[in-house]
Every structure is written in C-alpha cells, then in structure tokens.
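Input: a single structure, listed below in structure tokens.
Printed below as a string of structure tokens:
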C-alpha cells in the first residue's frame with residue numbers, strides 16, 4: 001500500500017515496510033523503485049534536491065539499490081533516431097554518488113493514458129503523429145479495443161513507422177552509451 005508519495009517520487013513507506021522483513025543474508029539484495037515521473041518529457045531530472053534527499057534516506061535504510069524506468073517515449077520523444085538520455089545520465093550520476101546499485105527497466109510502452117498510473121508517459125510524439133493516420137499500429141485485442149500505450153507486434157513486419165522496424169534493436173545500443181554500472 002502506498003501511503004506516502006514524496007516530491008521526487010520514491011515510495012519510502014513502501015520500501016521501509018518491505019525492507020524490515022527482508023532476509024539479511026549477504027546474497028539478498030533489496031531494491032526500491034524510483035517513481036516514473038522523476039524524469040520529465042524533455043528528459044530532464046524533475047527535482048534534483050528531492051532526489052538527493054530521498055536517495056540519502058534510502059541509503060540510511062541500507063537499501064542496496066534502486067530500479068529506474070527508462071521510457072522510450074521520453075528518450076526518443078520528438079524525432080526518430082534522435083535519443084536524449086541527459087536526464088537519465090544525471091540521475092545515474094547522483095545514484096552513483098550514493099554508491100547505490102541500479103537496475104533498469106527499458107520501457108517501450110506508454111503509461112497512464114488508460115488509467116494505468118498517476119503519471120502520463122506516452123509513446124514517442126512522432127509515433128503518436130503516425131497513429132493519427134494509422135490506428136493499426138497500436139495493439140488491438142480480440143474485441144477490437146486499441147491500447148494506445150502499446151504498439152502492435154506487427155510493426156516489426158510492416159514498416160509503418162517511417163520505414164523503421166526493430167524499434168527495440170535500434171534503441172537499446174544507445175542505452176549502452178551511458179556506461180552505467182548495472183547490478
């Protein structure tokens with residue numbers, strides 16, 4: 001249950017609650033999620049001092065690391081094949097200062113548009129422009145309902161995204177340029 005939602009987005013009460021019952025064996029690691037809205041749609045860190053405060057608190061709880069969502073809709077938001085990692089680079093630098101480990105979730109879908117969360121993170125804007133002309137790029141269930149947070153698997157076969165396919169394969173190598181130590 002989420003009872004506290006600090007400005008920087010960490011759920012400290014949730015982390016504290018589970019950490020106290022965590023197995024203290026050296027092989028056990030405990031990670032807390034950073035909330036999705038910590039990086040804005042222009043790939044900028046939202047609240048630098050708030051992040052430092054929350055990471056300091058997590059460190060005091062002996063948390064081993066944090067889990068960070070990296071959103072395709074933020075990183076390649078405006079122009080195809082133009083990747084902007086600056087906010088994440090800043091965030092990972094701060095996490096490193098606190099000697100916390102990082103686990104990354106590369107998220108190639110949107111969040112919040114269908115009531116799935118508090119923070120609205122869409123697919124890249126250039127994808128949403130294509131969708132105005134071709135709604136078939138979105139995942140569609142058997143009843144014909146489209147999910148505008150998720151692309152159809154068919155986009156890898158049909159080059160409907162300005163000649164692109166293999167979106168994941170193209171985007172992931174750019175993540176490697178960050179050179180962050182992942183655990």
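Residue numbers (the UniProt record's numbering): 1 to 183.
Just so you know, even glycine gets a beta-carbon here, dropped at the ideal spot from N, CA and C.
Does DSSP put residue i in a helix, a strand or coil?
| i | result |
| --- | --- |
| residue 116 | Interpretation of residue 116 is limited by its pLDDT of 49, a score under 50 that renders its predicted location unreliable; the figure taken from the coordinates is listed afterwards. Correct three-state label for residue 116: coil. |
| residue 102 | strand |
| residue 178 | coil |
| residue 60 | helix |
| residue 79 | coil |
| residue 170 | helix |
If I follow the unbroken alpha helix (DSSP H) through residue i, where does it start and stop?
| i | result |
| --- | --- |
| residue 92 | 86 to 97 |
| residue 149 | Element bounds for residue 149: not the alpha helix (DSSP H) but the beta strand (DSSP E), 146 to 151. |
| residue 126 | 125 to 133 |
Answer with yes or no whether the minimum CB distance from residue i to chain D is below 8 Å.
| i | result |
| --- | --- |
| residue 171 | Absent from the structure: chain D. Only one protein chain is present. |
From what residue to what residue does the beta strand (DSSP E) around residue i run?
| i | result |
| --- | --- |
| residue 66 | 65 to 71 |
Closer than 7 Å to a non-hydrogen atom of the ligand SAH - does that hold for the CB of residue i?
| i | result |
| --- | --- |
| residue 79 | In terms of ligand content, the structure shown is empty, and the ligand SAH therefore cannot be addressed. |
Spell out the partners DSSP gives residue i in its beta bridges.
| i | result |
| --- | --- |
| residue 251 | Residue 251 cannot be examined here, being either before or after the span of the chain that is shown, 1 to 183. |
| residue 196 | The shown model of the chain, from 1 to 183, leaves out residue 196, and the question about it has no answer. |
| residue 155 | None, per the DSSP bridge assignment. |
| residue 34 | DSSP output for residue 34 lists no bridge partner at all. |
| residue 121 | 111 |
Please state if the CB of residue j and the CB of residue i are separated by a distance shorter than 8 Å.
| i | j | result |
| --- | --- | --- |
| residue 28 | residue 74 | no |
| residue 121 | residue 137 | no |
| residue 102 | residue 134 | no |
For this session: Kindly confirm or deny that the segment 69 to 77 and the segment 92 to 112 touch, where touching means at least three C-beta pairs closer than 8 Å.
Result: Taking a cut-off of 8 Å on C-beta distances, the segment 69 to 77 touches the segment 92 to 112, as three or more cross pairs fall below it.
Exercise. Pairing CB atoms from the segment 91 to 104 with CB atoms from the segment 31 to 46, are three or more of them under 8 Å?
Worked result: By the C-beta criterion, the segment 91 to 104 is judged to be in contact with the segment 31 to 46, since at least 3 inter-stretch pairs fall below 8 Å.
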